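Structure, as C-alpha cells:
Protein chains: 2
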Amino acid sequence: MIDEAQMQLFRLQAEICKTMADYKRLMILHELREGEMSVGQLVSNLDLPQANVSQHLSILRERGIVTARREGTSVYYSLANHKIGQACDLVQEVLADQLARNQALANSLGERK
Amino acid sequence: MIDEAQMQLFRLQAEICKTMADYKRLMILHELREGEMSVGQLVSNLDLPQANVSQHLSILRERGIVTARREGTSVYYSLANHKIGQACDLVQEVLADQLARNQALANSLGERK
DNA sequence: TATTAATATACTAATATGCTAATATTATAA
DNA sequence: TTATAATATTAGCATATTAGTATATTAATA
C-alpha cells in the first residue's frame, strides 16, 4: 500500500534518474568515467557550447552526481559515486537487449518468403 | 570526439532513463518486480487514478520496459527485462549513499560544540 | 443486443526542461 | 588596477511532460 515515506524515496530516486535522462549529461558522465576533467576539456571533447556544458554540470552538481574542484581559473569535475557509472552500464545493457530484439525481428522479417 | 552513431546511442539511453524518471512509474516498476499484475491491481495497490496509471503504463510499454498480456477484460503487465530492476536497485544505492552522506554531515553539525 | 467491467485514449491546462545569447563572476597575470 | 582566461549565471523562448476530465474501446455476460 506504499506509505508517504516510501513515496518520498521514489521521488528522490526519480530525481536521480531525471539527472541521467539527457543525452548530453550522459555524454558528460561518459567522459568523466575516464577521470576528472575540466569544463574546457569537456567542451572541446563533446563539441558543445560552453554555457550549455556549464548548465548541465550545474544540474549534475546540484543533484550530487558529480563533484567540482577548482584549480586556478579551471574547474575540474569528477563522478561523485562509482555506482553512477555502473547504473549507466546497466541501462546500456537494457538498450543493447532491446536493439538485439529489434535486430532479430528485422531478420525474421527478411527471411519471410 | 564522439561520432554521430554514438550520440544516437546516448539519445536512446536517455530515453530509457526518462522512462524511469518519474516516481509513479518507479512505483509501478517496483510493484511489477513482484510479478505480473493487472492494471486494476496496480491502481488499488498504488492508490492512483486509473487513467493516470494507464498513461504511465502506456509510456513504459512504448519504450519496451514492460510488456502487456490480455486475459478477458483485464490486462496484465510485467517487466520486459530483469535488468531494469537491477538498474533501479543501483540508483537506489546511489540514493542511499547520498542520504548517508547527508546524515553524516548532519551528525557532524550536531557534534560541534 | 444491451449492459457492465476493465482498460485505453484524447484533450487541455499547468509546469518543467533545454537552448541560445548575453552578461556576470572568479582567478591569474601584465 | 586593468586585461584576459575560464567558468557560471540569467533571461527569454520553444518544446516536452504531467495530471485531470471526459470519452472511447474491448471483452464478457445477461
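Line by line, the protein sequences give chains X and P.
Under the working numbering, the first residue of the first sequence is numbered 1, with each subsequent residue one higher.
Under the working numbering, the first residue of the second sequence is numbered 1001, with each subsequent residue one higher.
Built from N, CA and C at the ideal position, the CB exists for glycine as well.
This structure is a prediction, so every number in the text was calculated from the model and none was measured.
- Relative to the C-alpha of E71 (chain X), which residue among X:H56, X:I84, X:V39 and X:A87 is closest? Sequence index remark: in the first sequence, residue 71 (chain X) carries index 71 (1-based). The shortest Cα separation from E71 (chain X) among X:H56, X:I84, X:V39 and X:A87 belongs to X:V39.
- Item | Sequence-distant residues of the same chain with beta carbon closer than 7 Å to L1032 (chain P), five excluded per side | Here residue 1032 (chain P) refers to the residue found at position 32 of the second sequence. When the five nearest sequence neighbours on each side are left out, the beta carbons in the same chain lying within less than 7 Å of the beta carbon of L1032 (chain P) are those of V1066, Y1077, S1078 and L1079, in order along the chain.
- Per-residue contacts from A1104 (chain P) into chain X (C-beta, under 8 Å): Here residue 1104 (chain P) refers to the residue found at position 104 of the second sequence. Correct list: empty, because the minimum Cβ distance to chain X is about 13 Å.
- What residues from chain P crowd round V114 (chain X), counting only those whose CB sits closer than 7 Å? Because chain X spans 1 through 113 in this model, residue 114 (chain X) falls outside it and cannot be assessed.
- Task: Take the Cβ of L95 (chain X) as the centre, count every other Cβ of all protein chains shown within 10 Å, and call the residue buried at 16 or more, exposed below.
- Result: For the purposes of this step, residue 95 (chain X) is identified with residue 95 of the first sequence, where counting begins at 1. Burial is judged here by how many other beta carbons sit within 10 angstroms of a residue's own beta carbon; L95 (chain X) has at least 16 and is buried.
- Message: So M1020 (chain P) contacts chain X; which residues on that side make the cut at Cβ distance below 7 Å?
- Response: Counting from one through the second sequence, the residue named residue 1020 (chain P) turns up at place 20. Per Cβ cutoff of 7 Å: C17.
- Item | Boundaries of the beta strand (DSSP E) in which T1067 (chain P) is found, first to last residue | As a working note, residue 1067 (chain P) is residue 67 in the second sequence. Secondary structure note for T1067 (chain P): its beta strand (DSSP E) is the uninterrupted segment V1066 to E1071.
- Message: Is the separation between the beta-carbon of L29 (chain X) and that of I84 (chain X) shorter than 8 Å?
- Response: Indexing the first sequence from 1 puts residue 29 (chain X) at position 29. Indexing the first sequence from 1 puts residue 84 (chain X) at position 84. Yes, they are a contact pair.
- Query: Could you give the C-beta distance for I1016 (chain P) and V91 (chain X), rounded to a whole number, given that I count them as a contact under 8 Å?
  - Reply: Numbered from 1 along the second sequence, position 16 holds the residue referred to as residue 1016 (chain P). Numbered from 1 along the first sequence, position 91 holds the residue referred to as residue 91 (chain X). Contact holds; Cβ gap of about 5 Å.
- Query: Just how far apart, CA to CA, sit D3 (chain X) and Q86 (chain X)?
  - Reply: If you number the first sequence from 1, residue 3 (chain X) lands on position 3. If you number the first sequence from 1, residue 86 (chain X) lands on position 86. Each residue's Cα considered, the two are about 29 Å apart.
- Query: When the distance is taken between beta carbons, is K1024 (chain P) closer than 8 Å to H1056 (chain P)?
  - Reply: Here residue 1056 (chain P) is taken as the residue at index 56 of the second sequence, counted from 1. Here residue 1024 (chain P) is taken as the residue at index 24 of the second sequence, counted from 1. For H1056 (chain P) and K1024 (chain P), yes; Cβs fall inside 8 Å.
- Query: Of all the CB atoms in chain P, is at least one closer than 8 Å to the CB of D97 (chain X)?
  - Reply: Position 97 of the first sequence holds residue 97 (chain X). Answer yes: the Cβ-Cβ gap between D97 (chain X) and chain P drops below 8 Å somewhere.
- Between the CA atoms of D1022 (chain P) and R1011 (chain P) - distance to the nearest angstrom: The residue labelled residue 1011 (chain P) in the question sits at position 11 within the second sequence. The residue labelled residue 1022 (chain P) in the question sits at position 22 within the second sequence. Whole-angstrom Cα-Cα distance: 18 Å.
- Query: Given a threshold of 16 other Cβ atoms within 10 Å of its Cβ, counted over all protein chains shown, does A1100 (chain P) qualify as buried or as exposed?
  - Reply: Residue mapping note: residue 1100 (chain P) aligns to position 100 of the second sequence, counting from 1. Exposed, because fewer than 16 other Cβ atoms sit within 10 Å of the Cβ of A1100 (chain P).
- Run down chain P in chain order and give the residues with a C-beta less than 8 Å from the C-beta of G35 (chain X). Residue 35 (chain X) sits at position 35 when you count from the first residue of the first sequence. What G35 (chain X) touches in chain P: nothing, since even the nearest Cβ is about 17 Å away.
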